[in-house]
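Residue numbers (our numbering): -7 to 271. Quick notes on the structure that follows.
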């Protein structure tokens, strides 16, 4: 499981905002801007557009930025994903941000960082009445379609290694705007969507909560929550392995190292395809 770089923001307590999901009125802006003033009070910088928030946060990490620095953008033009994939979001349609982490945990525990971010994203959507699940390792699924991706990248800084955590979540993206037919958005899947600012506040609070649990108890402390959220378990899957070749079989567990166990074999990295629908 590869680990990359992303950056969260300061001053966020674990008090979470619970907001009911309601249909957007026809006379309202269907894509209101992020509340930059409210988010600035939490240490989040909002940019009108950016190439990659992960790249911006990585640069600031090298300049000595503190942990939990966060950058969000209304329009990400060159977002980075796993396996060097690049993507763009329509303006104000997605929640795209990166935050900086400076873990003290040993490198062997770092593969849990994207997994804990997945738990946080599932719980933030749950706060707003939207059920979701995780396809191992960190694709957020609404039904059988992907709505969000998570990338964690390691960056070397003058004060030691840091991690940049980036999340891109389709919120009001329309069918015509989706890059692939296997993608979706909160609006398409749930029929309505929460305010992106409220969602980001919830998500950052859950990130801090999960990060604190990981910092004190390691990946083992997160495993029960991840297993509960993981929709890959119990499914027949095909894993495209990084070195070439495939592994096909029943996904039965996620081990203490965050690896997916398929047909008795632990897998640390790879693209997972759910071969048949759940149930």
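Ideal Cβ placement from N, Cα and C applies to all residues, glycine included. This one's a predicted model, so the numbers in the text were calculated from it and none came from an experiment.
Let's test the definition: count the other Cβ atoms within 10 Å of the Cβ of residue i and tell me whether it reaches 16, buried, or not, exposed.
i	result
residue 33	exposed
residue 129	buried
residue 96	exposed
residue 119	buried
residue 267	exposed
residue 10	The predicted model places residue 10 with a pLDDT of 34, which falls under 50 and marks its position as unreliable, so this point remains unresolved.
residue 18	For residue 18, the predicted structure reports a pLDDT of 43, less than 50, and the residue's modelled location is therefore unreliable. The matter cannot be settled from this model.
residue 113	buried
residue 14	Annotation note: pLDDT 39 at residue 14 (below 50); position unreliable, no value reported.
residue 75	Residue placement at residue 75 is poorly supported in this model, since its pLDDT is 46, which falls under 50; the coordinates still yield a value, given next. With fewer than 16 Cβ atoms within 10 Å of its Cβ, residue 75 is classed as exposed.
residue 256	exposed
residue 220	exposed
residue 116	buried
According to DSSP, which residues form a beta bridge with residue i?
i	result
residue 162	86
residue 69	None, per the DSSP bridge assignment.
residue 152	149
residue 241	229
residue 258	253
residue 107	None; residue 107 has no bridge partner.
residue 64	38 and 89
residue 263	232
residue 223	Answer by DSSP bridge pairing: none, since residue 223 is not bridged.
Residue i and residue j look like a contact to me (Cβ under 8 Å); what is the Cβ gap, rounded to whole Å?
i	j	result
residue 259	residue 251	6 Å
residue 161	residue 140	4 Å
residue 168	residue 178	Wrong, their Cβ atoms sit about 16 Å apart, outside the cutoff.
Is it true that the CB of residue j sits closer than 8 Å to the CB of residue i?
i	j	result
residue 231	residue 244	no
residue 157	residue 90	yes
residue 147	residue 53	yes
residue 62	residue 35	yes
residue 56	residue 150	yes
residue 94	residue 47	no
residue 26	residue 165	no
Start-end ranges of the beta strand (DSSP E) lying completely within the stretch 118 to 143, minimum 3 residues: 125 to 127 and 131 to 134
Which parts of the stretch 19 to 43 are runs of the beta strand (DSSP E), unbroken and 3 residues or longer, counting only runs that do not cross its ends? For the stretch 19 to 43, whole beta strand (DSSP E) runs of length 3 or above, ordered along the chain, are 36 to 39.
Whole beta strand (DSSP E) elements within the stretch 171 to 207, 3-residue minimum: none
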